Amino acid sequence: MTEPPLDVCNASYQYSGGSTGLDGASLTFLPGEKVALLGPNGCGKTTLLLHLCGVLRPRSGEIRLFGRPVEYSKAGLRDLRRVVGTVLQDADEQLFAGTVYQDVSFGPVNLGLPEADVCERVDAALKSLGITDLADRPPSRLSLGQKKRAALAGIVAMRPKVIVLDEPTAGLDPAGVVELLDILDRLQRDGTTIAFATHDVDLAYRSADRVAVMNRGRVDAVGRPVEVFFQPD
């Protein structure tokens, strides 16, 4: 059996102010599936996502990458981020270069790839996100939906096995939501594992293979949407 790309094992984390981010959370992410994290504000959804990409390190428990505990050395985090790409809720926090093309190329360049490979990856990512015509445009001149696609293109160009997204549809109009979900579906069909945090229960029900309901830093329920949502509690 193929090892899960990511496994959260009894992870706990406390912020410096004393608030609990995770309290023994466990959740396995399977190859090529789409998982929605649900729960109220402060339940630990974003904290868990930040552990998946190595921004945060659990105080106890562990995060496993293909069955092995993540190493928080420079090399270990580099290995993790080759596998896991993160799209932030606010795309403006992720777009910083002079043009969309330069932004999307940043990751492949830092992988040390030859210039021809960088160009191939960037062109393919822009095409897959439908934003080739925006390549020379400054990110500041993009709409919200365009910014989200540009941020996602920068991750797609890295060709990760897992993509995590924090509130991916926040602020998008209905057409923008449909476009983004179509893109995520295509990525999933190509074998990418998708994990996203959302407050939109309808989105999770119609889009996710599994949902994980979080509360007070723990995963209280996990399973297929129809299984979880039919539990009265």
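Position one of the sequence shown corresponds to residue 226 (my numbering), numbered consecutively onward.
Glycine included, C-beta positions come from ideal geometry on N, C-alpha and C.
On a predicted model such as this, the values are computed, not experimentally measured, just so you know.
Check, Outcome
"Given residue 301, which residues of its chain have a CB within under 7 Å of its CB, disregarding the five upstream and five downstream residues?", "295"
"Once DSSP output is grouped into helix, strand and coil, what is the label at residue 455?", "coil"
"Name the residue from 288, 325, 252, 255 whose alpha carbon lies nearest to the alpha carbon of residue 382.", "325"
"How is residue 431 classed by DSSP in three states: helix, strand or coil?", "helix"
"Return the CA-CA distance between residue 267 and residue 323, expressed in angstroms with no decimal places.", "35 Å"
"State the Cα-Cα distance for the pair residue 339 and residue 346, rounded to the nearest angstrom.", "11 Å"
"State the beta-bridge partners of residue 311 as determined by DSSP.", "389"
"Per DSSP, what kind of secondary structure is residue 288 in: helix, strand or coil?", "strand"
"Just checking my contact of residue 278 with residue 309 at CB under 8 Å: how many whole Å lie between their CB atoms?", "5 Å"
"Using only CA atoms, which one of 409, 419, 408, 327 lies nearest to residue 231?", "419"
"Along the chain, where does the alpha helix (DSSP H) containing residue 205 start, and where does it finish?", "With the chain running from 226 to 458 in the structure shown, residue 205 is simply not present."
"Label residue 385 either buried or exposed according to how many other C-beta atoms from any shown protein chain fall within 10 Å of its C-beta, with 16 as the threshold for buried.", "buried"
"Considering only residues of the same chain and omitting the five flanking positions on each side of residue 434, which have a CB-CB separation below 6 Å?", "258, 259"
"Mapping the DSSP letters down to three states, classify residue 232 as helix, strand or coil.", "strand"
"Determine the DSSP secondary structure at residue 305, reduced to helix, strand or coil.", "helix"
"Does residue 360 come out as helix, strand or coil in the three-state DSSP assignment?", "coil"
"Ignore the nearest five residues each way along the sequence and tell me which others in residue 406's own chain have a CB closer than 7 Å to its CB.", "432"
"I'd like to know if the segment 365 to 379 and the segment 279 to 299 are in contact, where contact means that at least 3 CB-CB pairs between them fall below 8 Å.", "no"
"Mapping DSSP to helix, strand and coil, what is residue 374?", "helix"
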